[in-house]
Each structure stands twice: as C-alpha cells, then as structure tokens.
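Numbering (our numbering), first residue to last: 1229 to 1376.
Cβ atoms here follow ideal geometry from the backbone N, Cα and C, with glycine treated the same way.
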C-alpha cells in the first residue's frame, strides 16, 4: 500500500492552534487593559499633584508681592493685610465647601472670591516664629505640607 502524503492540518491540530492563539490574545488584552487603567490613575494623580504645586506657587506669589503689614494666622485660615491706604485688597485664604479659596476684601467689603485648589478635605495653618506651615489634606487623605 502506498502512503498518501498529508498536505493539510488535522482538526485536532487546528483546534490546538486556535486554543493557544486565543490564550495568548486574551492575556495580551488583559495586560493592555491593566496598563491602561494604571495610566489613567497615574494621569489623575499627576494632575492632582500639579494643581497642588500650582496652589503653593500662587501662595508664594501672594506672600512675596510685598507691602504686607500683618499676617493673621488661625488654625483654618490666614489673612494677608496691607496698609489701610493701599489700593491692593486684603487676602484671606481658607477652606470652603471642599475648595481652598482666596477672598479679596477692602475696607471689610468682599471684592471677589477665587478658587485656588479643588477637592480638599481640610487645611491647617500654623505659625511658629516667623514661619508659616500650610498643611493641605485632600479627599483621599494625602497630606501636602509647605513652609513659608
């Protein structure tokens, strides 16, 4: 008897090939999905840290703009006052409805209120000597501390 040469694959070989290819494809998709989720979380965290750094830069600009006569520090707010004759309004920084806001007042009349940082749980302001410590706690419990 003559043996016929096989030129194709058997059904079992085809099923094994499809099974192995499917396993590799599913694992690749799982890795891609987990990497994408990690990327999204990292992007959100980076934006949050960037916003916090911008807040501290803006606060540093407020403090260093000059002409400050007194700085009133309480546990939950700080007031930067100019002299009475100055055309620049006083600034009060505190936490209000989950945001850190700066309230501009002149002659005890509110001029405007601006949001400096969002998604904040609480703010603590402490003064030790000539140093002012700002401690910001966000909604997730992370704490950011800066000394001026």
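| Item | Value |
| --- | --- |
| Unbroken beta strand (DSSP E) runs of length 3 or more, entirely within the region 1282-1340: which are they? | 1298-1301, 1305-1309, 1318-1324, 1327-1334 |
| Would DSSP call residue 1368 helix, strand or coil? | coil |
| Mark residue 1285 as exposed unless 16 or more other C-beta atoms lie within 10 angstroms of its C-beta, in which case mark it buried. | exposed |
| Where do the ends of the beta strand (DSSP E) carrying residue 1352 lie? | 1348-1356 |
| Decide if the region 1316-1329 is in contact with the region 1341-1352; the criterion is three or more beta carbon pairs, one per stretch, under 8 Å apart. | yes |
| Please work out which residues of its chain come closer than 7 Å, Cβ to Cβ, to residue 1193, disregarding the five sequence neighbours upstream and downstream, and give them in chain order. | Within the shown structure, residues of the chain are numbered from 1229 to 1376, placing residue 1193 beyond reach of any answer. |
| Which partner residues does residue 1343 have in the DSSP bridge list? | 1329 |
| Return the Cβ separation of residue 1362 and residue 1370 in integer angstroms, given the expectation that the two are a contact with Cβ distance under 8 Å. | About 14 Å separates the two Cβ atoms, so there is no contact after all. |
| Quick one: what's residue 1359 bridged to in DSSP? | 1356 |
| Give me whichever residues DSSP pairs with residue 1280 in a beta bridge. | Its beta-bridge partners do not exist; DSSP assigns none. |
| According to DSSP, residue 1374 sits in a beta bridge with which residue or residues? | 1362 |
| Compare the beta carbon distance of residue 1337 and residue 1280 with 8 Å and say whether it is the shorter of the two. | no |
| Just verifying my parser: in three-state terms, what is the DSSP assignment at residue 1260? | helix |
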